[in-house]
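Visitor: Please see the structure below; I have some questions.
Chains as they are written, first to last, in this note's numbering: chain A, 1 to 331; chain B, 1 to 331.
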């Protein structure tokens with residue numbers, strides 16, 4: 001390969017289906033506001049039919065990170081499974097149009113469609129998500145592009161891929177390939193409820209992770225402690241570096257015994273925090289592969305996140321490379 | 001049927017694919033800015049692959065009108081053809097969620113997918129549209145729900161259905177059924193370029209139309225005259241009533257020799273004029289079936305249009321029935 005990517009990202013390809021909703025509807029559907037629930041196709045059907053008119057836009061946690069990296073000018077490969085259907089086309093188009101390499105083998109006939117996430121947006125801007133992973137949940141070790149991972153500097157995975165599921169074997173294959181090739185392994189913990197459900201699973205792979213991303217709640221639950229500093233200390237003993245995002249409070253990065261605390265980048269008006277963590281990871285990973293060090297990497301993560309929270313949608317609307325240059329963090 | 005709809009609407013089911021673009025891209029693709037071009041599947045593929053990340057949202061001119069009528073509280077049936085694919089599901093979901101009855105027979109296997117419209121949105125907010133009608137263009141006389149049309153007060157069609165095309169026979173069947181049942185026939189001229197291409201076709205059916213919708217340019221081209229008053233006079237001789245929208249200048253309605261000129265409803269900030277004409281038609285049709293008379297119908301059209309142009313997207317975000325009540329035009 002002439003120009004292997006230095007970053008490979010793996011996750012669930014998802015098309016988001018955003019529908020305005022009221023609190024009563026979420027309740028009637030038995031959904032807890034502000035959470036993410038995995039649902040099967042039948043339940044998706046039922047919920048979808050209760051929703052008002054919707055808008056479709058590409059999403060997926062790690063896919064958002066991949067799009068952010070590409071916008072920063074970093075060549076990146078995305079690994080994930082889509083079906084031969086319109087949502088698969090939409091997802092593939094959008095991630096390629098964002099500048100990400102994506103060339104999955106698509107089964108000509110599959111039992112499941114491309115993953116989608118039904119998102120109820122209540123007037124308080126809170127989001128209640130119901131995700132039907134579809135064929136994304138069938139990612140196999142065979143779908144993992146071992147050569148590209150071996151050639152990369154870092155492979156980043158969303159935590160949603162792991163936890164007593166079919167995709168566990170793909171994650172383990174990614175870690176195996178990365179370890180033997182000297183590729184760094186990065187992981188996000190994805191979701192506090194996800195951590196609660198899958199803490200034992202994560203525990204099995206945490207020592208193989210070189211760079212861990214978590215928000216405060218995820219870090220606390222994973223570490224099983226009450227303070228974020230303590231959580232970072234505990235997790236950093238197992239992963240080389242731990243980056244904990246703290247919302248408006250910025251982020252905390254710990255490597256061994258070194259701790260840096262970086263402020264959030266200023267935002268005139270926070271419109272929609274969807275994708276904030278994914279974007280932070282994109283900025284941080286860019287810094288990571290370019291040897292910017294924890295502090296500048298975290299600042300770059302903050303800059304990227306500030307762009308994404310300033311408008312509706314989880315992916316950047318401006319070229320992030322320009323923004324990064326303006327911030328003085330990249331050349 | 002216990003509660004037949006008083007309004008039936010027929011048109012092309014379309015899912016819009018909105019992508020930010022620059023002027024250079026439209027030019028490179030050989031598209032004239034601000035126009036609508038019909039394209040086949042292969043060309044759609046080619047253009048889509050050149051576009052940046054996009055957002056999908058249900059559209060279609062007459063479908064937007066149907067959604068507007070439902071939002072006004074008017075029961076309405078939509079006639080159009082979708083395929084058994086994800087975009088078909090999306091279109092069907094959204095129009096039903098808007099409150100419109102839509103129960104097409106969907107061919108289990110079709111050569112064409114559900115219609116889509118690729119929309120390049122340039123920084124000046126101008127839209128360049130490339131429409132692949134897909135299976136929508138295969139609407140047959142068999143797809144026309146004759147009983148519902150016969151039971152309705154008015155059947156409204158978008159002009160895009162007519163003009164030396166497969167769907168001509170469906171339009172003629174709709175007119176035939178309507179005429180023999182005493183259902184009024186309403187038609188929009190859809191697009192100035194469309195009128196240029198299909199003036200001879202429209203000329204064949206214009207005497208069968210009871211209510212004609214056109215914007216200024218469409219009216220001038222259809223009538224082949226230079227002044228809008230003159231165009232309305234000429235067209236009103238053939239159709240019972242002609243409603244000509246004049247953008248910020250409001251609208252002009254002519255019935256026989258009676259002319260009313262109605263101002264546009266005030267809008268703080270016009271954000272996106274997509275769907276303005278479709279929405280005006282919704283308001284006007286509501287007034288038409290409720291016997292409000294030309295002036296109040298036109299004012300209701302203006303109120304509905306003012307909601308739709310005040311935000312991005314071609315369909316209302318607020319319940320239009322409330323807005324109509326607030327305006328004092330409905331009880």
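All C-beta atoms in this analysis are idealised placements derived from N, C-alpha and C, irrespective of residue type, glycine included. All of these numbers come straight from a predicted model, not from anything done at the bench.
Just list the residues that DSSP pairs residue 184 (chain A) with in beta bridges.
Guide: Taking the first chain and counting its residues from 1, the one referred to as residue 184 (chain A) is at position 184. According to DSSP, residue 184 (chain A) bridges with A:154.
Visitor: Quick one: which unbroken beta strand (DSSP E) runs of 3-plus residues sit fully inside the segment 120–154 of chain B? Chain order, please.
Guide: DSSP runs (the beta strand (DSSP E)) wholly in the segment 120–154 of chain B: 127–132.
Visitor: Between which two residues does the beta strand (DSSP E) holding residue 18 (chain B) run?
Guide: Indexing the second chain from 1 puts residue 18 (chain B) at position 18. It spans 14–20 - the beta strand (DSSP E) in which residue 18 (chain B) sits, taken as one unbroken run.
Visitor: Nearest by alpha-carbon distance to residue 290 (chain B): which of B:194, B:72, B:78, B:105 is it?
Guide: Counting from 1 along the second chain, the entry for residue 290 (chain B) is found at position 290. The candidate whose alpha carbon is nearest that of residue 290 (chain B) is B:72.
Visitor: Alpha carbons only, please: which of A:123, A:327, A:175, A:247 is nearest the one belonging to residue 300 (chain A)?
Guide: Along the first chain, one-based indexing puts residue 300 (chain A) at 300. Cα-wise, what sits closest to residue 300 (chain A) is A:327.
Visitor: Would you report the Cα separation of residue 10 (chain A) and residue 204 (chain A), rounded to the nearest angstrom?
Guide: As a working note, residue 10 (chain A) is residue 10 in the first chain. As a working note, residue 204 (chain A) is residue 204 in the first chain. Spanning the two alpha carbons is a distance of roughly 19 Å.
Visitor: What does residue 94 (chain A) reach in chain B if we use C-beta pairs closer than 7 Å?
Guide: Here the question's residue 94 (chain A) lines up with position 94 in the first chain. Going along chain B in sequence order, the residues near residue 94 (chain A) (Cβ under 7 Å) are 53, 54.
Visitor: When you compare the CB of residue 279 (chain B) with every CB in chain A, is at least one pair closer than 8 Å?
Guide: What you label residue 279 (chain B) is simply residue 279 of the second chain in a count that begins at 1. No, no contact with chain A.
Visitor: Check the Cβ of residue 9 (chain A) against every Cβ in chain B and list those closer than 9 Å, keeping chain order.
Guide: Stepping through the first chain from its first residue, residue 9 (chain A) is reached at position 9. Chain B residues near residue 9 (chain A): none, gap ~16 Å exceeds 9 Å.
Visitor: 8 Å is my cut-off, CB to CB: does residue 85 (chain B) come that close to chain A?
Guide: The sequence position of residue 85 (chain B) within the second chain is 85, counting from 1. Yes, because at least one Cβ of chain A sits closer than 8 Å to the Cβ of residue 85 (chain B).
Visitor: Using beta carbons (cut-off 8 Å, strictly below), is residue 121 (chain A) in contact with chain B?
Guide: The sequence position of residue 121 (chain A) within the first chain is 121, counting from 1. No, residue 121 (chain A) lies away from the interface with chain B (no Cβ there is under 8 Å from its Cβ).
Visitor: Which residues, in order along the segment 45–77 of chain B, keep a beta-carbon less than 8 Å from a beta-carbon of chain A?
Guide: Listed by position along the chain: 48, 49, 51, 52, 53, 54, 55, 56, 57, 58, 67.
Visitor: If we ignore side chains and look at the alpha-carbon of each, how far apart do residue 287 (chain A) and residue 298 (chain A) end up?
Guide: The residue given as residue 287 (chain A) occupies position 287 in the first chain. The residue given as residue 298 (chain A) occupies position 298 in the first chain. If I take the Cα positions, the gap works out to 8 Å.
Visitor: What does residue 90 (chain A) touch in chain B if you count any residue whose Cβ is under 7 Å from its own?
Guide: Looking up residue 90 (chain A) in the first chain gives position 90. 56, listed in chain order.
Visitor: Would you please verify whether the beta carbon of residue 97 (chain B) is less than 8 Å from any beta carbon of chain A?
Guide: What you label residue 97 (chain B) is simply residue 97 of the second chain in a count that begins at 1. Chain A, which has a Cβ nearer than 8 Å to the Cβ of residue 97 (chain B), makes this yes.
Visitor: By a C-beta neighbour count over all protein chains shown, 10 Å radius and 16 as the cutoff for buried, is residue 1 (chain B) buried or exposed?
Guide: Within the second chain, numbered from 1, the residue matching residue 1 (chain B) stands at position 1. The predicted position of residue 1 (chain B) is uncertain, since its pLDDT is 47 and thus under 50; a value taken from the coordinates is nonetheless stated next. Exposed, because fewer than 16 other Cβ atoms sit within 10 Å of the Cβ of residue 1 (chain B).
Visitor: Have a look at B:80, B:59, B:191, B:56 and flag the residue whose alpha-carbon is nearest the alpha-carbon of residue 216 (chain B).
Guide: One-based indexing of the second chain puts residue 216 (chain B) at position 216. The shortest C-alpha separation from residue 216 (chain B) is found at B:191.
Visitor: Beta-carbon separation of residue 321 (chain A) and residue 308 (chain A) under 8 Å?
Guide: In the first chain, counting from the first residue as 1, residue 321 (chain A) sits at position 321. In the first chain, counting from the first residue as 1, residue 308 (chain A) sits at position 308. Not closer than 8 Å, so no.
Visitor: Taking buried to mean at least 16 other C-beta atoms within 10 Å of its own C-beta, is residue 127 (chain A) buried or exposed?
Guide: Walking along the first chain from the start, residue 127 (chain A) turns up at place 127. The residue in question, residue 127 (chain A), is buried, as its Cβ has 16 or more Cβ neighbours within 10 Å.
Visitor: Answer with yes or no whether the minimum CB distance from residue 169 (chain B) to chain A is below 8 Å.
Guide: Counted from its first residue, the second chain places residue 169 (chain B) at position 169. Not an interface residue.
Visitor: Looking only at C-alpha atoms, which of B:169, B:201, B:147 sits nearest to residue 182 (chain B)?
Guide: Position 182 of the second chain, counted from the start, is the residue given in the question as residue 182 (chain B). For residue 182 (chain B), the nearest C-alpha among the options comes from B:147.
Visitor: What whole-angstrom Cβ distance do residue 86 (chain B) and residue 87 (chain A) have, given they're in contact under 8 Å?
Guide: What you label residue 86 (chain B) is simply residue 86 of the second chain in a count that begins at 1. What you label residue 87 (chain A) is simply residue 87 of the first chain in a count that begins at 1. That pair is a contact at about 5 Å.
Visitor: Could you please give the first and the last residue of the uninterrupted beta strand (DSSP E) stretch that includes residue 253 (chain B)?
Guide: Taking the second chain and counting its residues from 1, one reaches residue 253 (chain B) at position 253. Element bounds for residue 253 (chain B): 251–255.
Visitor: Rounded to the nearest angstrom, how far is the Cβ of residue 100 (chain B) from that of residue 66 (chain B), given a contact under 8 Å?
Guide: As a working mapping, residue 100 (chain B) is identified with position 100 in the second chain. As a working mapping, residue 66 (chain B) is identified with position 66 in the second chain. 5 Å between Cβ atoms; contact.
Visitor: Below 8 Å on the Cβ atoms is my contact criterion, and I expect residue 36 (chain A) with residue 129 (chain A) to pass it. Report the Cβ-Cβ distance as a whole number of Å.
Guide: Within the first chain, numbered from 1, the residue matching residue 36 (chain A) stands at position 36. Within the first chain, numbered from 1, the residue matching residue 129 (chain A) stands at position 129. With a Cβ gap of about 4 Å, residue 36 (chain A) and residue 129 (chain A) count as contacting.
Visitor: Where does residue 283 (chain B) sit, in a helix, a strand or coil, going by DSSP?
Guide: Along the second chain, one-based indexing puts residue 283 (chain B) at 283. In this structure, residue 283 (chain B) counts as helix in the three-state DSSP scheme.
Visitor: Provide the residue span of the beta strand (DSSP E) that contains residue 8 (chain B), from first to last.
Guide: Residue mapping note: residue 8 (chain B) aligns to position 8 of the second chain, counting from 1. That run of the beta strand (DSSP E) goes 7–10.
Visitor: With 8 Å set as the bound, which would you pick, yes or no: does the beta-carbon of residue 318 (chain A) sit closer than that to a beta-carbon of chain B?
Guide: Taking the first residue of the first chain as 1, we reach residue 318 (chain A) at position 318. No, no contact with chain B.
Visitor: Please tell me whether residue 197 (chain B) and residue 174 (chain B) are closer than 8 Å, where the distance is taken between their beta carbons.
Guide: Against the second chain, residue 197 (chain B) aligns to sequence position 197. Against the second chain, residue 174 (chain B) aligns to sequence position 174. Taking 8 Å as the Cβ cut-off, residue 197 (chain B) and residue 174 (chain B) do not qualify as a contacting pair.
Visitor: In chain B, which residues lie less than 9 Å from residue 315 (chain A) when you measure between Cβ atoms?
Guide: Numbered from 1 along the first chain, position 315 holds the residue referred to as residue 315 (chain A). By Cβ distance, chain B contributes 53.
Visitor: Secondary structure at residue 56 (chain B), three-state DSSP: helix, strand or coil?
Guide: Counting from one through the second chain, the residue named residue 56 (chain B) turns up at place 56. It is a strand residue.
Visitor: What do you reckon, are the CB atoms on residue 202 (chain B) and residue 134 (chain B) nearer than 8 Å?
Guide: Numbered from 1 along the second chain, position 202 holds the residue referred to as residue 202 (chain B). Numbered from 1 along the second chain, position 134 holds the residue referred to as residue 134 (chain B). Cβ distance not < 8 Å, so residue 202 (chain B) and residue 134 (chain B) don't count as in contact.
Visitor: Out of B:25, B:294, B:26, which has the shortest C-alpha to C-alpha gap to residue 260 (chain B)?
Guide: By one-based count along the second chain, residue 260 (chain B) stands at place 260. For residue 260 (chain B), the nearest C-alpha among the options comes from B:294.
Visitor: For residue 91 (chain B), which three-state DSSP category applies?
Guide: The residue given as residue 91 (chain B) occupies position 91 in the second chain. The answer is helix: DSSP assigns residue 91 (chain B) an H, G or I state.
Visitor: Three Cβ pairs or more, each shorter than 8 Å: is that satisfied between the segment 43–60 of chain A and the segment 56–65 of chain B?
Guide: Contact holds: three or more Cβ-Cβ distances are below 8 Å.
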